[in-house]
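Chemist: After the structure tokens below, expect a handful of questions from me.
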Amino acid sequence: MRYRLGCAAFVIAGLAWLGYFLFEFVATSMGDCADDSACDFYRGYVEGFVVWRGIAVALMLILAFLAFRFLYKEDNVQ
Numbered sequence: 021m022r023y024r025l026g027c028a029a030f031v032i033a034g035l036a037w038l039g040y041f042l043f044e045f046v047a048t049s050m051g052d053c054a055d056d057s058a059c060d061f062y063r064g065y066v067e068g069f070v071v072w073r074g075i076a077v078a079l080m081l082i083l084a085f086l087a088f089r090f091l092y093k094e095d096n097v098q
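This is how it looks when you write it as structure tokens:
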């Protein structure tokens, strides 16, 4: 039972992170700079930061899930 709850928790955490990442990426890439050269200059850096942070957290979630599957085996498997 713990194994299935743990897997469900990882799926929920992964979907929550994906939703947050998509919301933040859309918010940073669709902003209006309104003739501000500093805003135009930094927009690419902020988008890159959001993407790389999204990839890093997703990889950490995947590695944690794989470690969880390696450490905890399902109880009713013969």
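Residue numbering for the sequence shown follows this note's numbering, starting at 21 and increasing by one per position. C-beta atoms are modelled at their ideal positions from N, C-alpha and C, and glycine is treated no differently.
Can you give the Cα-Cα distance for C53 and F41, rounded to whole angstroms?
Modeler: The residue labelled residue 53 in the question sits at position 33 within the sequence shown. The residue labelled residue 41 in the question sits at position 21 within the sequence shown. Each residue's Cα considered, the two are about 21 angstroms apart.
Chemist: What residue range is occupied by the uninterrupted alpha helix (DSSP H) comprising A76?
Modeler: The residue given as residue 76 occupies position 56 in the sequence shown. Start and end: S57 to L91.
Chemist: Since F90 and F30 are thought to touch, with beta carbons under 8 angstroms apart, how far apart are those beta carbons, to the nearest angstrom?
Modeler: Within the sequence shown, residue 90 is the residue found at index 70, counting from 1. Within the sequence shown, residue 30 is the residue found at index 10, counting from 1. Rounded, the Cβ-Cβ distance is 13 angstroms, inconsistent with contact.
Chemist: Which residues in the same chain have their Cβ closer than 8 angstroms to the Cβ of E48, if we skip the five residues on either side of it in sequence?
Modeler: As a working note, residue 48 is residue 28 in the sequence shown. In the sequence as presented, Glu is not what sits at residue 48; that position holds Thr. These residues qualify, in order along the chain: R63, V66, E67 and V70.
Chemist: So, G26 versus L81, is the Cβ gap smaller than 7 angstroms?
Modeler: What you label residue 26 is simply residue 6 of the sequence shown in a count that begins at 1. What you label residue 81 is simply residue 61 of the sequence shown in a count that begins at 1. The answer is no: Cβ separation not under 7 angstroms.
Chemist: Would you identify the three-state DSSP class for G51, choosing helix, strand or coil?
Modeler: On the sequence shown, residue 51 is found 31 positions in, with the first residue counted as 1. Coil at G51, not helix or strand.
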